[in-house]
Amino acid sequence: MSPIALEAVKRIDALFEIERGINGLSAEERRGARQKLSRPLVDDLHAWLGEQHLKLSRSASVAKLIDYMLRRWNGFTTVLDDGRACLSNNAAERALRGFALGRKEWLFAGSDRGAERAAAMATLITTAKLNDGDPQAWLADVVARIAGVP
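Take a look at the structure:
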């Protein structure tokens, strides 16, 4: 691994270390801690990436990785201003795991329209779960409410 990549990983790991320390706090407390502790590290990381990028050939693999990160910088830094956001996408990955495992079963949705409807339902059910809702109770409520709708 290149020395630049190793240094980038160390800097990002420092951000994850802060996240481990603020895990379990309220969203507002996490936002405050991120502003105080993480923002200086993120600002330094941004400046450092820019400096490294200038030193590298555009075709270098590390330069491509830096380009990728810098192009997505606004999305990456959203976590600093929103205590509800997570630095990693682990929760989203876990939410999709069941669908990835059932990929072969999706071939038997009956039609493209059936697959689209199944995907829409899966999205709604997963959203309910991620918001600590009971998907079965929610679906029962929705079905009861729309029963009389033409």
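If you want the numbering used here, it's the 1-based position in the sequence shown plus 930. Backbone N, C-alpha and C fix where the C-beta goes; we use that ideal spot for every residue, glycine too. All figures in this text were calculated on a predicted structure; none of them were measured in a lab.
Quiz item: So, Asp1011 versus Arg961, is the Cβ gap smaller than 8 Å?
Solution: Stepping through the sequence shown from its first residue, residue 1011 is reached at position 81. Stepping through the sequence shown from its first residue, residue 961 is reached at position 31. In contact: Asp1011 and Arg961 (Cβ atoms closer than 8 Å).
Quiz prompt | Reduced DSSP secondary structure (H/G/I, E/B, other) of Asn953 | solution = Walking along the sequence shown from the start, residue 953 turns up at place 23. The answer is coil: DSSP assigns Asn953 none of H, G, I, E or B.
Quiz item: Is Val972 helix, strand or coil when you go by DSSP?
Solution: Within the sequence shown, residue 972 is the residue found at index 42, counting from 1. Val972: helix per DSSP, three-state reduction.
Quiz item: Could you give the distance in angstroms between the alpha-carbon of Gly981 and the alpha-carbon of Gly1040?
Solution: Within the sequence shown, residue 981 is the residue found at index 51, counting from 1. Within the sequence shown, residue 1040 is the residue found at index 110, counting from 1. Note that residue 981 is Glu in the sequence shown here, rather than Gly. Distance between the alpha carbons of Glu981 and Gly1040: 54 Å.
Quiz prompt | Neighbourhood of Ala1025 by C-beta distance below 7 Å, restricted to the same chain and skipping five residues each side | solution = In the sequence shown, the residue the question calls residue 1025 occupies position 95. Cβ neighbours of Ala1025 beyond the five flanking positions: Thr1056 and Leu1060.
Quiz item: When the Cα of Arg1027 is compared with those of Pro933, Ala1045 and Ala1052, which residue comes out closest?
Solution: Position 97 of the sequence shown holds residue 1027. Taking only the C-alpha atoms, the option nearest Arg1027 is Ala1052.
Quiz item: What is the rounded straight-line gap between the Cα of Pro1080 and the Cα of Ala957?
Solution: Translated into positions along the sequence shown, residue 1080 becomes position 150. Translated into positions along the sequence shown, residue 957 becomes position 27. Their backbone Cα atoms lie some 42 Å apart in a straight line.
Quiz item: With DSSP run on the structure shown, which of helix, strand or coil describes Ala945?
Solution: For the purposes of this step, residue 945 is taken as residue 15 along the sequence shown, with counting starting at 1. According to the sequence displayed, residue 945 carries Leu and not Ala. Leu945 falls in the helix class under three-state DSSP.
Quiz item: Does DSSP put Leu986 in a helix, a strand or coil?
Solution: The residue given as residue 986 occupies position 56 in the sequence shown. Correct three-state label for Leu986: coil.
Quiz item: Leaving out five residues before and five after Ala963 in sequence, what residues of the same chain have Cβ atoms less than 6 Å from its Cβ?
Solution: The count along the sequence shown starts at 1 and reaches residue 963 at position 33. Here the set comprises Ile952.
Quiz item: Is Ser1018 helix, strand or coil by DSSP?
Solution: Here residue 1018 refers to the residue found at position 88 when the sequence shown is read from its first residue. If DSSP states are grouped into helix, strand and coil, Ser1018 belongs with coil.
Quiz item: By a C-beta neighbour count over all protein chains shown, 10 Å radius and 16 as the cutoff for buried, is Leu984 buried or exposed?
Solution: As a first step, residue 984 must be located in the sequence shown, where it is residue number 54. Exposed, by the Cβ-count rule.
Quiz item: How many Å lie between Pro1065 and Val1072 at the Cα?
Solution: Here residue 1065 refers to the residue found at position 135 of the sequence shown. Here residue 1072 refers to the residue found at position 142 of the sequence shown. Approximately 10 Å, taken between the alpha carbons.
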